[in-house]
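For the sequence shown, the numbering used here assigns the number 162 to the initial residue and increments by one for each residue that follows. Think of the CB as a built atom: it goes at the ideal place given N, C-alpha and C, for glycine as much as any other residue. Reading through the C-alpha cells given below for one structure.
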Amino acid sequence: MSSNYAEPGQLYPAHIEAIKARHDRALEKAGAGHAVIFSGAPKLVFLDDYYYPFKANPHFVGWLPLTATPFCYLIHTPGDVPVLVYYQEKDYWHTPPADPQGYWIDHFDIRVVHTVDDIARHLPHARDKCILIGDIGDEAHAFSIERVNPASAINILHYARSEKTGYELACMRAASRRAVRGHRAAEEAFRARKAEYEIHFAYCRAAKHTENELPYGNIIALNENSAIMHYQHRAREAPAKIRSFLIDAGANVHGYASDITRSYSFEDSEFREFIDRLDALQLELVSEVKAGVDFKDLHFLTHRKIADLLVTVGLASGSVESLIENGVTTAFFPTGLGHLLGIQVHDVGGFMQDESGNTIDRPSGHRWLRLTRTLEVDQVLTIEPGCYVIDMLLENLQGTPGAAMVNRDKVDWLRPFGGARIEDNVRVLADGCENFTRAAFAEP
Ligand SMILES: [Mn+2]
C-alpha cells in the first residue's frame with residue numbers, strides 16, 4: 162500500500178514533528194521562548210446576543226483537528242511536549258466540547274479547564290517571553306502577552322504552510338473524496354430538474370456536511386447564474402427551461418479543504434461539447450503542473466488556451482496574441498488560474514517569495530491571480546480555468562479594438578448557459594502532479 166492510502170491518524174506523528182520544527186524556527190526568528198496559539202473566540206452579531214458561525218484560527222487547526230473549540234490555547238516551547246489548554250465550559254445553553262479524543266491526544270499535555278479564569282495559570286509565567294498567535298478582539302484573551310502575531314514569526318509559518326505534510330495530503334485527498342460524493346448527488350438532483358435550493362441540500366446530505374461545516378458557501382448555479390463568479394443565492398424554483406449547471410463546492414476533513422468545480426449541460430449537445438473542450442483544456446494545464454514551474458507562466462498559458470477555445474467555438478476571432486493584448490481573453494476568463502489550498506480555501510502564502518516576507522507581485526492586468534510563486538513539491542493548489550459570458554466585462558471592451566474581435570451572435574448563444582468552469586485540486590510532484598479530484602471521481 163502506498164502512503165496515498167494511509168489514514169491521517171497514522172501520518173499524524175510525523176506531521177506534529179514538522180509543525181514543531183516550524184514553530185521552533187519562528188520562535189528563534191522572533192527571539193521568543195514560547196508560542197501561545199489561541200483557537201479563537203466566537204463573534205457576536207451587532208446589537209444581538211447570538212454568534213456568527215465559529216471559524217477557528219488556522220494556526221491552531223494546523224496543530225490538531227479541533228475546528229469547533231473556542232477559547233483553547235496551545236503552548237509550544239521548543240523541546241517540551243506541547244500543552245493544550247482545553248476549554249470545556251460548564252454551560253447549560255450549549256453542549257460543551259466533548260472530552261479530548263482521537264489520534265492526536267497522546268501528543269499533548271492536555272489541561273482541561275472549565276472557566277476562562279483558569280486558563281491564565283497554564284500559560285508560561287514569563288509573558289514577555291511569549292508570542293501570541295491568533296485573532297485577539299478582546300485584550301482579556303491575550304492574558305497580558307504583548308507580542309501578538311509578530312510578522313517575523315508569522316512569515317515563517319505562512320511560507321512553510323504551502324508545503325503540505327503527509328498527514329495534510331491525506332486529509333486533503335479525503336476532502337476531495339468527501340466533496341465528490343456531494344458532487345455526484347448534486348448532478349443527480351440537477352438531472353432530476355431540481356431547483357438550486359434542492360441541489361444544495363442534496364450536496365450537503367451526500368457530503369454529510371451542515372452548511373456551516375462547508376469550507377466555503379456552495380456555488381450552485383443553473384443557467385445564466387453560472388456566469389456569476391461567486392453566485393450566492395439558491396433559487397427556490399427550478400427555471401422553466403433547464404440548460405446548464407455549474408457547481409463549485411468543497412468539503413472539510415480535519416480542518417483541511419477541497420475546492421472543486423464541475424459544469425454540466427442538461428441536454429444541449431453543443432454546450433456539452435463546449436464543456437468537453439474546457440475539460441480537455443483544464444487537463445492540459447494540469448499536465449503542466451510540476452515543481453519548478455512559475456505559476457504566473459501557467460496563468461499566461463491559460464490565456465493562450467482560452468484564446469484558442471474562443472476562436473475554435475466561434476466566440477471570438479483574431480490571433481492568440483491580439484485576443485490577449487486587447488483584453489478579450491480577460492473578458493471571458495477574468496479570474497486567476499488557481500490558488501494554494503489547505504486549511505484555508507485560499508490558503509496563505511500565495512504571493513510569498515521567501516519566509517522573510519518578501520512578495521511576488523501580480524502581473525499587471527491580472528488582479529485576481531492569487532498565486533504568483535514557483536511551484537514546489539507538496540504544494541496543493543487548484544487549477545480552475547473557466548469561460549463565461551459576463552456582459553459587464555464585454556461592455557468594457559466597447560470602443561477598444563477588442564470589441565470587433567467578439568462574435569456577438571455566438572455570445573448570444575452562450576449567454577443563457579452562463580459559462581463553465583472545471584476545477585481540480587492537485588499536489589505538486591517533482592515530475593508532475595497528483596490530481597486528488599480526478600482520482601476521487603474515478604473511484605466507484
Ligand atoms: Mn477555487
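The residue among H195, I504, H344, V309 with its C-alpha nearest the C-alpha of T422 is H344. Secondary structure of I271 (DSSP, three-state): strand. Looking at I544, A399, L484, H370, the one whose alpha-carbon comes closest to that of A441 is I544. DSSP, read as helix, strand or coil, puts H391 in coil.
Ligand 1 has no heavy atom closer than 7 Å to the beta-carbon of T463. As the crow flies, the alpha-carbon of K355 is around 10 Å from that of H361.
Relative to ligand 1, D420 has its C-beta within less than 7 Å of a heavy atom. For E329, the enclosing alpha helix (DSSP H) starts and ends at 327-352.
Non-local C-beta neighbours of I315 in its own chain, meaning closer than 8 Å and more than five positions away in sequence, comprise A187, I294, ordered along the chain. Assignment of F435 by DSSP, reduced to helix, strand and coil, places it in the helix class.
Secondary structure note for Y364: its alpha helix (DSSP H) is the uninterrupted segment 357-368. In the DSSP annotation of this structure, the continuous segment of the beta strand (DSSP E) that includes R588 starts and ends at 585-590. In the three-state scheme derived from DSSP, where H, G and I count as helix and E and B as strand, A581 is classed as strand.
The beta carbon of S323 sits closer than 6 Å to those of L501, G510, Q540, all from its chain and outside the five residues before and after it, given in chain order. In the three-state DSSP reduction, F406 falls in the strand class (E or B). Taking 7 Å as the cut-off, one finds no heavy atom of ligand 1 near enough to the beta carbon of H275. Taking a C-beta distance under 8 Å as the contact criterion, L462 and R582 do not qualify as a contact pair. With a beta-carbon spacing of about 14 Å, M566 and V474 fall beyond the 8 Å limit used to define contacts.
Between F512 and T496, the C-beta gap is not smaller than 8 Å, which leaves the two residues out of contact. DSSP lists L407 as the bridge partner or partners of S424. When the Cα atoms are used, Y425 and K451 turn out to be separated by approximately 29 Å. A distance of 8 Å or more separates the beta carbons of G298 and Y417.
For T598, the Cβ stays outside the 7 Å cut-off from all heavy atoms of ligand 1.
Less than 8 Å divides the Cβ of I292 from the Cβ of R308.
Burial is judged here by how many other beta carbons sit within 10 angstroms of a residue's own beta carbon; M333 has at least 16 and is buried. Taken atom to atom, the span from the alpha-carbon of Q262 to that of P243 is near 16 Å.
In the DSSP assignment, H195 is bridged to C291. Along the length of the segment 521-555, whole beta strand (DSSP E) runs at least 3 residues long occupy 541-544, 547-549, reported in chain order.
Residue range 456-474 is occupied by the alpha helix (DSSP H) that includes A468.
In this structure E445 is exposed. Its beta-carbon is surrounded by fewer than 16 other beta-carbon atoms within 10 angstroms. Look at T533: its beta carbon is at least 7 Å from all of the heavy atoms in ligand 1. By the CB criterion at 8 Å, P169 and A335 fall inside the cutoff.
Between the alpha carbons of P400 and A350 lies a distance of about 14 Å.
Shown here, I297 sits in coil according to DSSP, grouped into three states, outside any helix or strand. Per the C-alpha coordinates, the member of E584, V472, V589, R523 positioned closest to T598 is E584.
Remark: the C-beta of H500 is in contact range of ligand 1, defined as less than 7 Å to any heavy atom.
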